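Residue numbers (the numbering used here): 143 to 377. Cβ coordinates follow ideal geometry from the N, Cα and C atoms, glycine included. These numbers were taken from a predicted model, which means no experiment stands behind them.
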DNA sequence: ATGGGCACCTGGCTGC
DNA sequence: TGCAGCCAGGTGCCCA
């Protein structure tokens, strides 16, 4: 967090709240707050006199008497104040289309995957290719698509890219609908966990049997992140 | 331009 | 019981 944040935000009005990739955008009178929750961050509305708990790092005090409280045990979140067009900010400028944008389509992903030697899993986790696909959903998306995570991006056939685009949209929209995925401590702003965990087919299911074909789910490390897949359903 | 690896930080779990 | 070691939901940056 920028130490000058309190004085820069003081007295400004929150005009609207928006989102770009995993950044929350608080559009203020004179600028925009780019708020990323990292891996463990959460925002809750609390009464302004509620004492701070462990890992409560920032209070955004509103004239309504409510406080937006930022809790982030792992401190991987970030809060940045940007003046001018927030989409021109270096953190946002190079971001890929949102997965639900018309611009994210088969032709687009086909073009972006040609000539790419990275694994398809790392490609879809790259925010400059598509936003919103984190480590959990990358494994789930590739399972739904029937594609092995280690495949070179450029090796995908056109029909595989088609399945991938569909799966990215499907998995993300299902996850959003049920409030995300709680593995340990993630909670929604209302304090509830996300229920997508119950719908996971491969993530964190190593040595368990595939829910589609009963083959044992495998795991390995890819770019320092855990990957899970079914060797039978995914080719 | 691309790919690979590290860094940031804290807590929880496992195994000795 | 204590403690070292390892792992975790993200992504920006540096280097080859």
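Proximity to residue i [Cα-Cα], best of the options
i: residue 148; options: 221, 364, 344; result: 221
i: residue 172; options: 163, 356, 150, 184; result: 150
i: residue 358; options: 253, 155, 264, 346; result: 346
i: residue 206; options: 199, 375, 190; result: 190
i: residue 360; options: 265, 366, 344; result: 344
i: residue 373; options: 284, 297, 225; result: 284
i: residue 296; options: 255, 326, 276; result: 255
i: residue 348; options: 330, 370, 327; result: 370
i: residue 364; options: 331, 328, 294; result: 294
i: residue 196; options: 268, 257, 183, 270; result: 183
i: residue 316; options: 329, 339, 328; result: 339
i: residue 244; options: 258, 311, 204, 179; result: 311
i: residue 238; options: 174, 163, 179; result: 163
Buried versus exposed, by CB contacts within 10 Å (16 or more), residue i
i: residue 217; result: exposed
i: residue 352; result: buried
i: residue 212; result: buried
i: residue 350; result: exposed
i: residue 401; result: In this structure the chain extends from 143 to 377, so residue 401 is not present and cannot be described.
i: residue 362; result: exposed
i: residue 152; result: exposed
i: residue 266; result: buried
i: residue 187; result: exposed
i: residue 290; result: buried
i: residue 263; result: buried
i: residue 318; result: exposed
i: residue 145; result: exposed
i: residue 226; result: exposed
i: residue 242; result: exposed
i: residue 159; result: exposed
i: residue 179; result: buried
Contacts around residue i, its chain only, beta-carbon distance under 8 Å, and the 5 residues preceding and following it disregarded
i: residue 307; result: 246, 247, 248, 251
i: residue 194; result: 201, 211
i: residue 198; result: 211, 212, 213
i: residue 342; result: 278, 282, 323
i: residue 355; result: 372, 374, 375
i: residue 258; result: 265, 294, 295, 296
Neighbourhood of residue i by C-beta, 6 Å cutoff - its chain only, sequence neighbours within 5 removed
i: residue 292; result: 261
i: residue 231; result: 224
i: residue 143; result: 221
i: residue 181; result: 216, 218
i: residue 165; result: 176, 178
Inter-residue CB distance, residue i and residue j (contact presumed, cutoff 8 Å)
i: residue 336; j: residue 323; result: 5 Å
i: residue 240; j: residue 274; result: 7 Å
i: residue 305; j: residue 287; result: 4 Å
i: residue 161; j: residue 170; result: 15 Å between Cβ atoms; not a contact.
i: residue 279; j: residue 314; result: 6 Å
i: residue 377; j: residue 277; result: That belief does not hold up - the Cβ atoms of residue 377 and residue 277 are roughly 22 Å apart, past 8 Å.
i: residue 298; j: residue 228; result: Wrong, their Cβ atoms sit about 33 Å apart, outside the cutoff.
Residue i CB to nearest heavy atom of the ligand ATP below 8 Å
i: residue 269; result: As far as ligands go, the structure on display features none, and thus does not contain the ligand ATP.
Beta-carbon contacts of residue i that lie in its chain and below 7 Å, excluding the five residues immediately before and after
i: residue 329; result: 184, 335
i: residue 269; result: 163, 237, 238
- Hey, which unbroken runs of the beta strand (DSSP E) at 3 residues or more fall wholly within the stretch 176-200? 184-189
- Task: Starting from the N-terminal side, write out each stretch of the alpha helix (DSSP H) that is 4 residues or longer and does not extend beyond the stretch 218-247.
- Result: 232-235
- Identify every run of the alpha helix (DSSP H) within the stretch 331-357, keeping only runs that are complete inside it and at least 4 residues long; order them along the chain. none
- List in chain order: all unbroken alpha helix (DSSP H) runs of 4+ residues lying wholly within the stretch 249-302. 262-266, 277-287
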